[in-house]
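**Student:**
4 protein chains.
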Amino acid sequence: MIQQATETEIAVRSTDVDSDGHVNNARYYEYCEQGRLAHLARLGIIRREPRHVPYHGLFTIVETRCRYLLPLYYGDRVVVRTTTVAVGRSSFRLRYELLRGGEKVAEGESVQVWLGEDGRSAPLPEPVRETLVLSLAEPPADAPAAEPEEQG
Amino acid sequence: MIQQATETEIAVRSTDVDSDGHVNNARYYEYCEQGRLAHLARLGIIRREPRHVPYHGLFTIVETRCRYLLPLYYGDRVVVRTTTVAVGRSSFRLRYELLRGGEKVAEGESVQVWLGEDGRSAPLPEPVRETLVLSLAEPPADAPAAEPEEQG
Amino acid sequence: MIQQATETEIAVRSTDVDSDGHVNNARYYEYCEQGRLAHLARLGIIRREPRHVPYHGLFTIVETRCRYLLPLYYGDRVVVRTTTVAVGRSSFRLRYELLRGGEKVAEGESVQVWLGEDGRSAPLPEPVRETLVLSLAEPPADAPAAEPEEQG
Amino acid sequence: MIQQATETEIAVRSTDVDSDGHVNNARYYEYCEQGRLAHLARLGIIRREPRHVPYHGLFTIVETRCRYLLPLYYGDRVVVRTTTVAVGRSSFRLRYELLRGGEKVAEGESVQVWLGEDGRSAPLPEPVRETLVLSLAEPPADAPAAEPEEQG
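Those sequence lines, one after another, are chains G, R, H and P.
Be aware that the first sequence starts at 1, since it is given in this note's numbering, and climbs by one per residue.
Be aware that the second sequence starts at 1001, since it is given in this note's numbering, and climbs by one per residue.
Be aware that the third sequence starts at 2001, since it is given in this note's numbering, and climbs by one per residue.
Be aware that the fourth sequence starts at 3001, since it is given in this note's numbering, and climbs by one per residue.
#1: The alpha helix (DSSP H) with T2131(H) in it runs from where to where?
#2: Cβ closer than 8 Å: which chain G residues qualify as neighbours of V3078(P)?
#3: Would the region 1110-1123 of chain R count as touching the region 73-89 of chain G if we require 3 or more Cβ pairs under 8 Å?
#4: Anything in the region 2058-2076 of chain H with a Cβ closer than 7 Å to a Cβ of chain P? List those residues in chain order, please.
#5: When we look at the beta-carbon of R3036(P) and count the other beta-carbons within 10 Å, is it buried (16 or more) or exposed?
#6: Would a C-beta distance cut-off of 8 Å place L1072(R) and V1105(R) closer than the cut-off?
#7: Could you tell me the alpha carbon to alpha carbon distance between T1082(R) and L1099(R), rounded to whole angstroms?
#8: Apart from the five residues on each side of it in sequence, which residues of its chain come closer than 6 Å, Cβ to Cβ, to E3033(P)?
#9: I need the DSSP call for G101(G), collapsed to helix, strand or coil.
#10: Using a Cβ-Cβ cut-off of 6 Å (strictly less than) and excluding sequence neighbours within five positions of Y2096(H), which residues of its own chain qualify?
#11: For the ligand PLP, is there any heavy atom lying closer than 7 Å to the beta carbon of S2135(H)?
#12: Using a Cβ-Cβ cutoff of 8 Å, what residues of the region 109-136 of chain G are near chain P? List them in chain order.
#13: Find the nearest neighbour of H22(G) within the set L69(G), H39(G) and E7(G), judged by alpha-carbon distance.
#14: Please say whether A26(G) and A952(R) have beta carbons closer to each other than 8 Å?
#15: Can you tell me whether E63(G) is buried or exposed? The criterion is at least 16 other CB atoms within 10 Å of its CB, across all chains shown.
#16: List, in order along the chain, the chain G residues whose C-beta lies closer than 7 Å to that of E1012(R)?
#17: Output the distance between the C-alpha atoms of E1009(R) and G1101(R), rounded to the nearest integer angstrom.
#18: According to DSSP, is P3144(P) helix, strand or coil?
#19: Name the DSSP beta bridge partners of S110(G), please?
#20: Taking C-beta pairs closer than 9 Å, name the residues in chain P that A1106(R) reaches, listed in chain order.
#21: In angstroms, rounded to a whole number, what distance separates the CA positions of C3066(P) and Y3029(P)?
#22: What would DSSP say about A3026(P), mapped onto helix, strand or coil?
#23: When you compare only the Cα positions, how much space is there between A3005(P) and A1086(R)?
#24: Report yes if the C-beta distance between W114(G) and S90(G) is below 8 Å; otherwise report no.
#25: Using a C-beta to C-beta distance shorter than 9 Å, which residues of chain G count as neighbours of Q3003(P)?
#26: Nearest to A1137(R) by CA position, among P1127(R), V1017(R) and F1092(R), is which residue?
#27: Within 10 Å of its beta-carbon, does R2013(H) have 16 or more other beta-carbons around it, so buried, or fewer, so exposed?
#28: I need the straight-line Cα distance from P3125(P) to E3007(P), nearest angstrom please.
#29: Indicate whether at least one CB of chain G lies closer than 8 Å to the CB of A1026(R).
#30: Apart from the five residues just before and just after R3129(P), which ones in its own chain have a Cβ nearer than 7 Å to its Cβ?
#31: Do I46(G) and T131(G) have their C-beta atoms closer together than 8 Å?
#32: Say whether chain G places a C-beta atom closer than 8 Å to the C-beta of G3021(P).
#33: Leaving aside the five residues before and after H3039(P) along the sequence, list all residues of the same chain whose C-beta is less than 6 Å from its C-beta, in chain order.
#34: Since N3024(P) and T1015(R) are thought to touch, with beta carbons under 8 Å apart, how far apart are those beta carbons, to the nearest angstrom?
#35: Output the distance between the C-alpha atoms of G2057(H) and A2011(H), rounded to the nearest integer angstrom.
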């Protein structure tokens, strides 16, 4: 078993705030992306090459969602807590909890599909699949329904 | 019955593109927001005041989601086709189809909750509710399951 | 002589607006970038390949500036009028006028340095230089002081 | 004399990177804005109210510029070092040095004009002017030419 959650701190910028005075709904997905990259780099699934955004060409995002619980403001520090919640044949699902001072302000999910060399969906390479399964927040046996719909 | 869908054209900017060479997943939500504002302004639910982003303080977004079907690129012109798909007591759900040259490249949804003067969720004012019901893409009788989970 | 100015229309998005209620100062540079790419593509200096942001690897931006004359708001349509204003040995300078309904709301400039195959600054290829000189908004003889400081 | 420079750390996000693989030129101005807000809040010129972007309505930005020395990448940590470099009757000028690991990667400037209650330019209130003069990076006597052109 490996450590399950990856925590990534985000400082809310003034330029994340829209004319409503709080962080725009689309920015939450940018925050989740920072969590996703940190999580997958920590697991060794994407390479941490200096000066590169690491996942390019390995997988594609096919679905994202977010529930907004409390507004975020300029100057807030958000912790994105990323966990793996489902692993399929060619796809996997990550969950994001956005916390401010320990309080949950939003929760999101994303589904990623692995890409083969031809740029089309492909089975997860076995070492990637094993790593993802080991990182599951809950044992797969407890969550049969969490299988992503997106996979074949 | 009123015209159901609002079509909003978006020109993809170079700065919408990330290091993968296509539009970042978070930007789709900015595109949906342009559709949402145009749709609600066309219905008269939010005021079209010059020089103001129109919905502030009227409602809040409690959930968004997006499914990505095809990548979008710099120079693409996207049509966001926005429809009302469910109306509850204090919330309503919008759906977004993103089309490029008539081909669907993504579809999204958002759930909005109306706000009272105290900034907390409140029943939809009756004229707003009537307008939204009239704008439903499909008659409510056909879609009982579409009732947003978020409402009371 | 070739047509000197390239006009690019930008629709201000709600997400360009910051908590002050008008377009954030940094966004003007995104608008200028749309003008820059359109101008250089029209001149044939950068290739218009479908689905690619076109200038990558050809040159780098070494300086930008902007003067803000009037605020921009959600829903405004801005025309970015881009002209070539100076051509040096390895660099060239572009100017941007941002117009709303014919009224100037901002003006900007950028200096670009050509890159050789080693990724370092290099003399402008002769056809590029000729094209840029032909596109100059004013004959070089009228603007000796406009020579970019950045070049050798 | 008060401490002159304000240092603000920025974590470069994946979504700051454009299709060239490095931070887009416009993002540097977002980084400068984080420095500007921190500097003016530290000096007490703008109020640090929780959950508000603090300067709204006090002044407007009339000019910005940036020189790009080295590219910035995903994962970089940038320190924005902000100093006051000129104080006029109704305007003041700030300078930004962007440092990565102590190495300067960019330098920028901005000119701000104070706003009166009618939203038009107004003389700096005397306490604001005094604070800004005390924060000058170099004594005014050394920099007579630094007087912003924008002021009356």
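Every residue gets a Cβ at the ideal spot worked out from N, C-alpha and C, and that includes glycine.
**Tutor:** Reading it off the structure:
#1: E2126 to L2134
#2: Within 8 Å Cβ-Cβ: nothing; V3078(P) doesn't reach chain G, min ~12 Å.
#3: Between the region 1110-1123 of chain R and the region 73-89 of chain G there are fewer than three inter-stretch CB-CB distances shorter than 8 Å, so the stretches are not counted as touching.
#4: Against chain P - using a Cβ distance shorter than 7 Å - the residues of the region 2058-2076 of chain H are I2061, V2062, E2063, T2064, R2065, C2066, R2067 and Y2068.
#5: Residue environment analysis places R3036(P) among the buried positions, since at least 16 neighbouring C-beta atoms fall within 10 angstroms of its C-beta.
#6: yes
#7: So the two alpha carbons sit approximately 11 Å from each other.
#8: none
#9: It is coil, neither helix nor strand.
#10: C2032, G2035, V2080, T2082 and G2108
#11: The ligand PLP is not part of the structure shown, which contains no ligands of any sort.
#12: none
#13: L69(G)
#14: Absent from the model: residue 952(R). The displayed extent of chain R is 1001 to 1152, so no value can be given.
#15: buried
#16: A small fix is needed here, since residue 1012(R) is Val in this sequence, not Glu. Those do not exist, as V1012(R) stays about 15 Å from chain G at its closest Cβ, beyond 7 Å.
#17: 11 Å
#18: In this prediction, P3144(P) scores a pLDDT of 45, lower than 50, which makes its location untrustworthy; the coordinate-derived value is nonetheless stated afterwards. Here P3144(P) sits in helix by DSSP.
#19: T64(G) and L94(G)
#20: What A1106(R) touches in chain P: nothing, since even the nearest Cβ is about 18 Å away.
#21: 8 Å
#22: coil
#23: 54 Å
#24: yes
#25: Ordered by position in chain G, no residue passes the 9 Å Cβ test against Q3003(P), which lies about 21 Å from the chain.
#26: F1092(R)
#27: buried
#28: One alpha carbon belongs to P3125(P), the other to E3007(P), and they sit about 25 Å apart.
#29: A1026(R) counts as touching chain G.
#30: V3087
#31: no
#32: It does: the Cβ of G3021(P) has a partner Cβ on chain G nearer than 8 Å.
#33: So the list reads T3006 and T3082, once near-sequence residues are dropped.
#34: 6 Å
#35: The alpha-carbon atoms of G2057(H) and A2011(H) are separated by roughly 28 Å.
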